[in-house]
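**Q** The sequence shown begins at 1 in full-length UniProt numbering and counts up by one. For glycine and all other residues, C-beta sits at the position ideal for the given N, C-alpha and C. Keep in mind the model is a prediction, meaning the values are calculated, not measured. Quick one: the structure is below, questions incoming.
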Amino acid sequence: MTYVASPSYDRNDASRASNLRQCLETARRHLNETSHNSETEKIERLVASAIEAGWEEDEVRQALSGGEEQGNKTPKQERPVPTMGVVPSSSF
C-alpha cells in the first residue's frame, strides 16, 4: 500500500482540496519511482490508500482527475518512456 497522509482539515474547510492535492502529489511521486504498474493500477492504489487515510473517495477521484467533472474517471495519459537504442519494427 502506498502511504497517503491523513486530512489536516475538516471536510467543509476550503484548504482541504489543496491539502489533498499535495498529499496525492507526494504519494504519486513516490509511486512513480517505485512501481512499474500501469497508470490505472497506480490510480487505484492511490485511491485505496487515500480512503484508508481518511479521505473520501469522491474528493480523491476528483483531485486525481485534475478537478474536472467528478464523473470523469479516465486516467491521464502516461508519460512517454525513453527508448534509447530501440529501432522501430517498420525500419527493418
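Using only the alpha-carbon positions, how far apart do N12 and E52 sit?
**A** Distance between the alpha carbons of N12 and E52 is about 19 Å.
**Q** I'd like to know whether the C-beta atoms of G66 and P7 end up nearer to each other than 7 Å.
**A** Not in contact: G66 and P7 (Cβ atoms no closer than 7 Å).
**Q** With a threshold of 6 Å on Cβ separation, who are the neighbours of V4 within its own chain once the five nearest residues in sequence on each side are excluded?
**A** So the list reads C23, A27, S49, A50, A53, once near-sequence residues are dropped.
**Q** Would the beta-carbon of T2 fall within 7 Å of that of L31?
**A** In this structure, L31 lies closer than 7 Å to T2 by Cβ.
**Q** Suppose you measure from the CA of D58 to the CA of S38; what does that come to, to the nearest Å?
**A** Distance between the alpha carbons of D58 and S38 is about 22 Å.
**Q** Does A63 pass the burial test, meaning 16 or more other C-beta atoms within 10 Å, or should it be called exposed?
**A** Buried, by the Cβ-count rule.
**Q** Closest Cβ-Cβ distance between T40 and chain D: below 7 Å?
**A** Although the question refers to chain D, the structure presented lacks it and comprises just one protein chain.
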